[in-house]
Each structure stands twice: as C-alpha cells, then as structure tokens.
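Residue numbering for the sequence shown is 1 to 324, as defined by UniProt numbering. Built from N, CA and C at the ideal position, the CB exists for glycine as well. No experiment lies behind these values; they were computed from the predicted model shown. I have placed the structure first, in the form of structure tokens, so that the comments after it can refer back to it.
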Amino acid sequence: MHLIVKNRKLPIYIRKLEALLRRLPAQHVKRKEIEEQLARRRAGYRGEQSLDYYLGFLINYFILHDLRLPDRDHHFQLDTLLISPYFILILEVKNISGTLIFDDHFKQLIRVTPEKEEGFPDPILQVERHRDQLSGWLSGQKLEKIPIETLVVISYPNTVIKNTLLNLAPHLSKKVIHSGHLLTKIKALETLHSKPLLTPQQLKKISRKLLMSHTISNPAVVPQLQIQPHEILTGVQCPECSLLPMIRLHAKWICPSCGSLSRDAHFSALNDYKLLINLTISNRELKDFLHLSSMYASSRILHSMNLPYSGSYKNRRYMMSLDD
Numbered sequence: 001m002h003l004i005v006k007n008r009k010l011p012i013y014i015r016k017l018e019a020l021l022r023r024l025p026a027q028h029v030k031r032k033e034i035e036e037q038l039a040r041r042r043a044g045y046r047g048e049q050s051l052d053y054y055l056g057f058l059i060n061y062f063i064l065h066d067l068r069l070p071d072r073d074h075h076f077q078l079d080t081l082l083i084s085p086y087f088i089l090i091l092e093v094k095n096i097s098g099t100l101i102f103d104d105h106f107k108q109l110i111r112v113t114p115e116k117e118e119g120f121p122d123p124i125l126q127v128e129r130h131r132d133q134l135s136g137w138l139s140g141q142k143l144e145k146i147p148i149e150t151l152v153v154i155s156y157p158n159t160v161i162k163n164t165l166l167n168l169a170p171h172l173s174k175k176v177i178h179s180g181h182l183l184t185k186i187k188a189l190e191t192l193h194s195k196p197l198l199t200p201q202q203l204k205k206i207s208r209k210l211l212m213s214h215t216i217s218n219p220a221v222v223p224q225l226q227i228q229p230h231e232i233l234t235g236v237q238c239p240e241c242s243l244l245p246m247i248r249l250h251a252k253w254i255c256p257s258c259g260s261l262s263r264d265a266h267f268s269a270l271n272d273y274k275l276l277i278n279l280t281i282s283n284r285e286l287k288d289f290l291h292l293s294s295m296y297a298s299s300r301i302l303h304s305m306n307l308p309y310s311g312s313y314k315n316r317r318y319m320m321s322l323d324d
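Have a look at this one:
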C-alpha cells in the first residue's frame, strides 16, 4: 500500500488566473491571453491528475505532489516525488499533444502540430537539474544517501515521441515515457535497485522533513501580466448570475439582477482579493472592496472570520492564507 504524504492541489497560478477572469471587464484587452494561458495550465494539471490511476497500484511508496523546496536563494518544484526503501523517483509530467521532438543537440523540446511548430525548454534537463537540487537538499539536511532516479512522463496517450534523428535514441527511451508505461518502468527500477537502504522510520523522517521544508508559491500574476490594480473589478459577485456587485442589506447579499440571496457570498470576494491584491487587509480596504456602507459592517465581517491580525486598533491588518 502507498501513502500519499502530500496531496495534489489546484495550483495557485491557476487559481489566480481564474480569479483574474472573474475580476476583469468582459472586453479587457488581456482576457484572451489569460484564457489561453489558463487553458494550458489546466491541461498540465489534468496531466498530473491522470497519473493518479497508475500511482494507485504502487506498494511501499511515500508519494508527495507539488513539492517546492529551497535551494540557496531560490526554490525548485517537483511535480511528483516517490520515495521507496530502495530509491527516490522524480516524475516530471507533461500533458502535450502532437509530435514531440527531443533535440539532443540544442537541448530543447520541439512540439509539431498541423498548425505550427514551437519550442520548449528540455524537460530532461529540467528533471535532471531537480535531481541535483534534491540531492543537495538531502545532503544539507544530513539525511540518508539514496539513489535518485528521474523520468519525464508524457500523459497525453496519443503524443508521438521522437528525437532529431526521427527515431527515439536509447538513452531517451530510458528518460521519457508515456504514462501507460510508468508501472513497467518502476518495476525495472525496482529490479535495478533491489537492496533496501531506508527503514520505515527513515522513510517517515525524510517525508516529514520534506513537508516541513515545503513553501507555498505566491506568483505575482497581476504585475506579470501588466494589469493595473485599478482595472480589477471590486464588489461581491453573485454566485448565481455572476453580476458585480451585489448589495448588502440586513446581513444578506442581494443580487439586483436575478434577485438571489446569500449570507456568505463575501467569502468568494475575499478569496479573489487575497489571490490578486494582498494577503493582508484592513477594515477600510475590506469596506471599499466589498462596497459596504460603513466601517461597522466591515468590522463585523472581519470579526466573524476570526482572522489573525497585527498592529494596533487603528492600524490593524488582518492576515489571510493561500492555503485556506
């Protein structure tokens, strides 16, 4: 039986792009770009999810998804990490359709479709760099030495994999596989690494330290897309018809368009606020963002949420978490 030590969650970047589409005018010049980027990232996430079927057959593995670890002044992120008593395996998952050509000379990945040809960074180089970074992290934690293997997993089943010589080179076939071959490849690695190097207690120790070192990414999506703060629409969005803004009356939110009522629609608005604007908020900022009529109304909402805060009464800022 395997143990999922860290579950896969919807990536923060996807959540931010979704929030941005909720908060930009319908005719905003950046909408198409955001929609295309969101579609690509959702496809990548679906590719990672599709591996869960195969991972469910594993025995005696600790599994960690979306692990982000420090490396000096930077961080590196692992799609999926498998830890066994015999070896560690890093999986880099790519959900890309078409024909993939691994250019070994220029160290790049070329995707060919009927519409176009486009280049990507070489995922083999990427996962091998992650192996070196993970090895350095383990050494820095004074943890047990164990072989680290890597695989690039193509989750889209109809993708054609080639190299620049039009035939998959032997070394590439050991590094790049379709997801349907994952279990066969892991069996081969188990044959190669047949001597147990970690006890169950050591497996737990490594997994615990990895979890403790994991840090949540908080990408600055709004500045990256060159969107100005004043372009983000404020107010509470109707959960039924998506109108902005709803009206607060007698501790309820009322939609002036469809007439639906809600007591807690402001939670979704605050979720968008923390994703797009800031993880901390003042009483006045909450009042302005939710279009409340008074500081008293915003204060009541903040107190009902039991958020941690810092600062004196007049300068108090309430703290939210991306994990919530």
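- Between Met295 and Leu276, the alpha-carbon positions lie close to 23 Å from each other.
- By DSSP's assignment, Thr234 forms no beta bridge with any residue.
- Note on Ile206: 16 or more other CB atoms within 10 angstroms of its CB, so buried under the neighbour-count rule.
- For Tyr273, same chain residues with a beta-carbon under 6 Å away, outside a window of 5 residues either side, are Phe289 in chain order.
- Within its own chain, the residues whose Cβ lies closer than 7 Å to the Cβ of Leu302, once the five positions on either side in sequence are excluded, are Asn283, Leu286 and Tyr318, listed in chain order.
- For Val160, the enclosing beta strand (DSSP E) starts and ends at Val160 to Asn163.
- Thr191 and Phe87 have their C-alpha atoms roughly 11 Å apart.
- The C-beta separation of Asn7 from Gly44 comes to about 17 Å, leaving the pair out of contact by the 8 Å criterion.
- With contacts defined by Cβ atoms closer than 7 Å, Tyr54 and Leu182 form a contacting pair.
- Considered as a whole, the region 36-98 harbours 52-55 as its complete alpha helix (DSSP H) runs of no fewer than 4 residues, in chain order.
- Only residues of its own chain outside the window of five on either side were considered, and among them Gly235, Val236 and His291 have a CB closer than 6 Å to the CB of Pro245, listed in chain order.
- Each residue's CA atom was taken as its position, placing Leu125 and Lys204 some 29 Å apart.
- The continuous stretches of beta strand (DSSP E) do not include Lys204, which lies in the alpha helix (DSSP H) extending over residues Pro200 to Ser213.
- Of all C-beta pairs linking the region 56-74 to the region 7-23, three or more are shorter than 8 Å, placing the two stretches in contact.
- Per the DSSP secondary-structure output, Asp103 pairs in a beta bridge with Gln108.
- Counting only the Cα atoms, Asn158 lies some 22 Å from Thr80.
- Note that the C-beta distance between Glu128 and Thr150 is below 7 Å.
- For His178, no alpha helix (DSSP H) segment is defined; the enclosing uninterrupted segment is the beta strand (DSSP E) at Val176 to His178.
- In the DSSP assignment, the residues bridged to Ser262 are Trp253.
- For Met319, the enclosing beta strand (DSSP E) stretches over residues Arg317 to Met319.
- For Ile59, the number of other beta carbons within 10 angstroms of its own is below 16, and it is reported as exposed.
- For Ile12, the secondary structure class from DSSP, reduced to helix, strand or coil, is helix.
- A distance below 8 Å between beta-carbons, with the five flanking residues on each side excluded, links Cys241 to the following residues of its chain, in chain order: Cys255, Ser257, Cys258 and Ser260.
- In the structure shown, Lys195 falls within a coil segment according to DSSP collapsed to helix, strand and coil.
- Gly119 is bridged by DSSP to Ile110.
- Taking a C-beta distance under 7 Å as the contact criterion, Gly98 and Ile110 do not qualify as a contact pair.
- For Ile4, the CB contacts under 7 Å within the same chain, skipping 5 residues up- and downstream, are Ile63 in chain order.
- Per DSSP, Lys6 is one residue of the beta strand (DSSP E) stretching across Leu3 to Lys6.
- Rounded to the nearest whole angstrom, the CA to CA distance from Gln201 to Ile148 is 19 Å.
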